[in-house]
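Residue numbers (our numbering): 2 to 236.
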């Protein structure tokens with residue numbers, strides 16, 4: 002049995018015990034030595050499995066005390082284009098959007114190209130910090146054409162932009178995303194309540210409407226302690 006198979010077996014077994022409520026929230030896991038003996042593997046393999054489980058949000062560690070079962074696993078990406086508010090509502094997760102900045106600017110060359118509008122046209126620029134169960138999970142910046150979205154207001158930004166747009170006949174067909182690992186600047190780290198020494202995911206997003214217009218363009222920064230992406234590639 003190879004090294005990868007061993008740590009995968011440990012991860013899958015612990016996840017199964019969590020889902021079956023054998024391991025309950027905040028319960029302490031066996032020590033590294035106990036897990037090494039239980040699974041018949043090296044300490045390095047155990048540590049790899051525990052590191053992966055912590056990254057996925059299934060466990061957390063306490064300095065000098067060991068590993069414990071998380072009370073809530075990380076929020077996962079919806080996997081399809083939908084309002085995050087709808088996704089969270091279905092799971093009874095409390096949400097909040099703090100609007101950090103909302104202003105009108107003139108589109109420069111880059112933003113006009115990204116939105117498919119003339120340079121100098123008016124655009125909304127917004128920054129929002131999105132929360133789930135009181136945890137800051139996404140720092141979002143977004144550009145939107147004023148001509149396309151005359152209905153947009155500060156109040157509407159505290160809720161779902163997609164749901165508000167649907168009231169005005171705009172429906173999202175897809176979102177085109179580019180994902181990059183980056184180290185956050187100090188302001189982003191402070192807002193997401195994370196270390197600026199820890200890499201996060203930066204997602205550049207262009208939303209497209211069903212009639213093939215560019216709905217918005219922006220960047221999103223995800224808190225890795227509370228959010229993860231799942232991808233399914235179909236052939």
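For each residue, glycine too, the CB sits at the ideal point set by N, CA and C.
Does DSSP classify residue 251 as helix, strand or coil?
Residue 251 is absent from the model: the chain starts at 2 and stops at 236.
State whether the region 136-145 contacts the region 191-208, with contact taken as three or more CB pairs (one from each stretch) at a distance under 8 Å.
yes
Residue 139, enclosing beta strand (DSSP E) - first and last residue:
Working through the chain shown from its first residue, we reach residue 139 at position 138. It spans 136-146 - the beta strand (DSSP E) in which residue 139 sits, taken as one unbroken run.
Have a look at 38, 41, 50 and 43 and flag the residue whose alpha-carbon is nearest the alpha-carbon of residue 13.
If you number the chain shown from 1, residue 13 lands on position 12. Here the closest residue by C-alpha is 50.
Which of the three DSSP states is assigned to residue 38 in this structure?
Position 37 of the chain shown, counted from the first residue, corresponds to residue 38. In this structure, residue 38 counts as helix in the three-state DSSP scheme.
Kindly list the residues whose CB is nearer than 6 Å to the CB of residue 200, restricted to its own chain and excluding five residues on each side of it in sequence; keep chain order.
On the chain shown, residue 200 is found 199 positions in, with the first residue counted as 1. Excluding positions up to five away in sequence, the list reads 182 and 184.
Could you tell me whether any non-hydrogen atom of the ligand COA is closer than 6 Å to the CB of residue 180?
For the ligand COA, the structure offers nothing, since it holds no ligand at all.
Cut-off 7 Å between Cβ atoms - residues of its own chain near residue 104, not counting five sequence neighbours on either side
The residue labelled residue 104 in the question sits at position 103 within the chain shown. So the qualifying residues of the chain are 126.
Helix, strand or coil for residue 163, going by three-state DSSP, please let me know.
As a first step, residue 163 must be located in the chain shown, where it is residue number 162. Reduced to three states, the DSSP call for residue 163 is helix.
Between which residues of its own chain and residue 198 is the CB-CB distance below 8 Å, once the five residues before and five after are set aside?
The residue given as residue 198 occupies position 197 in the chain shown. Contacts found: 184.
Kindly list the residues whose CB is nearer than 7 Å to the CB of residue 4, restricted to its own chain and excluding five residues on each side of it in sequence; keep chain order.
In the chain shown, the residue the question calls residue 4 occupies position 3. Confidence is the limiting factor: at residue 4 the pLDDT is only 44, short of 50, which leaves the residue's position unreliable, though a coordinate-based value still follows. 46.
Reducing DSSP to helix, strand and coil, say where residue 68 ends up.
The residue you call residue 68 lines up with position 67 of the chain shown. Strand, per DSSP.
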